Structures are given as structure tokens and as C-alpha cells.
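This report refers to the structure that appears directly beneath it.
Residue numbers (the numbering used here), protein chains in the order written: chain A, 912 to 1054; chain B, 912 to 1054.
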């Protein structure tokens, strides 16, 4: 359990190797060089239609790398007080530390997100109530 | 460098957790439990159009897990003498050991393959000439 939830700092876009040619598309992630943690879990997420918002939770311990591999995805971050967002095109990703609320808008019908995590699944790691998250994040900073 | 290229054994389909509901799709890979190796590299591959064949190479040292995350993919394997193929639907994957020639046919326009590897990229790990592969594989078994 973290002692204090982090504040949003500089959110940096990382460009992975992404090729698109007459064969199709290829995105490559070199884990040791590009990801700051060993990969314990991998998600692949799509949306039923363009414009949908998914995610909408924070993790207590799990750090993630979110990588757009199809269409465009708006990655939205919230630390309980301030929010930021970043538009990710194909092959672009962003590191999301534990303790930050995340939402992802799938802007196109073929938008897809690849998520690399440093923790296996644990139900108790998820904070899915936004008001509870705000309370936990802000109280961790004054207490 | 391997002393002998493996023969094709039983190729087993692995079904990962795959959800599809009104929000969209979600495929989950638990690395420690489902993948027999630490993940050093991740690919995401799509094809320019339905029916295209990609891959068409072997690796000297790299073991892979190939996971269909969109459409349907026919995974084809060849040990230099015999071949097998396996149809993968969404959320289905197969382990591909080093020393097996692999080809993947992207059967639908939205077919997509997620590939987890136990080695970082190394150009010398690729065998891309099929005749050379056959020669190497068969001679490794008689020598």
C-alpha cells in the first residue's frame, strides 16, 4: 500500500518502433530498454465503437505502460486534483504510475490499446469509485 | 546456437481470458502462469488485407507465444520435414519454440497477432531463407 498517491508530473509520450508498409503494421516493444519494469501481465483492449471511454479506475500498486496499436486513443490522467490528457497515435505509449486515475477514449472504430503491467491480476488492487479515489488521494497528502 | 533443431511435436492451443461485451474486447495474458518465459520483447502485427501471409522465418534462439487478438489467424509450423497448422480465434494462442519455421495467414481484414518473445531483437537470430532452414534443420538431425 502506498503511503502517498503521486501528483501528476510530466507525462511523456514514448514512441515505439512502428512500421507500416504494404505488408501491414508492426509495433515492437523492447522490454529491457523501453519498459522500466518486468512484464507480469499484458492486456489488449478494443472498444465496441468509436468514442467510447474505458478504464476509469486507478491501481494501488500496479504500474502500467499503455501503448496505442490501432487508431487513436486519448489517454486521460487524474491525480485526485488535477487532470491531463495525451493523444496517442499508433506506436505511441505512456507510462502510468500506480495511484493515478486513468481513462482512455477510443477515438476511432479500430482503436486498440496494448497495456503492459508490472503486477499480476489482483481484485483488491483496483480503485473503481472515483469519489473514493479522490478522498484517498487527497487525504494521503495531508495526513 | 542449438545443437539440433526440434521436430514438430504436439502443438497445443492455449485459450487466454478473452471478454467481449457491450464495452468492447479485452484479452488478458498472465505471464507467470501462462507464459513459460520472461517477456523480453512484444510485437503487435496486422496485415494490410485479408488473406496475407506474414512471418515466414525461423529463430535460432527466440521462443515465442503467438496470440490472436483480432479476427482469425492460421498459424503454420514447419520443422524442415513436416508441417502443421492451427486456426487461432480471438484470445487463442500457441507456443512456438526456437528452431521451428513459422508462417501466419491473416484471414480477416481485422486479424491481429500479439507475439511475446523471450529474447530481445538480434538480426542474427533470424533464419529467413527457407531452403537454408531445411538444410540446417535436416543436417542437425543426422550430424
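Just so you know, even glycine gets a beta-carbon here, dropped at the ideal spot from N, CA and C. All figures in this text were calculated on a predicted structure; none of them were measured in a lab.
If you drop the 5 nearest sequence neighbours on each side, which residues of the same chain put their C-beta closer than 7 Å to that of residue i?
i	result
residue 973(B)	1009, 1028, 1029, 1030 and 1036
residue 1021(B)	981 and 982
residue 965(A)	956, 958, 1015 and 1017
residue 1019(A)	961, 982 and 983
residue 1032(B)	952
residue 949(B)	1029
If you check the beta carbons only, do residue i and residue j fall under 8 Å apart?
i	j	result
residue 957(A)	residue 936(B)	yes
residue 954(B)	residue 1047(B)	no
residue 980(B)	residue 960(B)	no
residue 997(B)	residue 918(B)	no
residue 1006(A)	residue 947(A)	yes
residue 943(B)	residue 1038(B)	no
residue 975(B)	residue 921(B)	no
Kindly list the residues whose CB is nearer than 6 Å to the CB of residue i, restricted to its own chain and excluding five residues on each side of it in sequence; keep chain order.
i	result
residue 967(B)	1014
residue 1023(A)	957, 980 and 981
residue 931(B)	none
residue 1045(B)	991
residue 999(A)	979, 984 and 986
residue 1051(B)	915 and 916
Tell me which residues share the same chain as residue i and place their Cβ nearer than 8 Å to its Cβ, disregarding the 5 neighbours each side in the sequence.
i	result
residue 927(B)	938, 939, 940, 945, 978, 1002, 1003 and 1004
residue 963(A)	1016 and 1017
residue 1056(A)	Residue 1056(A) cannot be examined here, being either before or after the span of chain A that is shown, 912 to 1054.
(request) Count the C-beta pairs between the stretch 1006–1015 of chain A and the stretch 984–999 of chain B that are closer than 8 Å, then say yes if the count reaches three, no if not. (result) As far as the Cβ criterion goes, the stretch 1006–1015 of chain A does not touch the stretch 984–999 of chain B, which means the pair count is below three.
(request) At 4 residues or longer, and completely inside the stretch 938–1013 of chain B: list those alpha helix (DSSP H) runs for me, N to C. (result) Qualifying alpha helix (DSSP H) stretches, in chain order: 942–945.
(request) For the stretch 1017–1050 of chain A, list the beta strand (DSSP E) runs that are entirely contained and at least 3 residues long, ordered along the chain. (result) As far as the stretch 1017–1050 of chain A is concerned, its whole beta strand (DSSP E) runs of at least 3 residues are 1023–1028.
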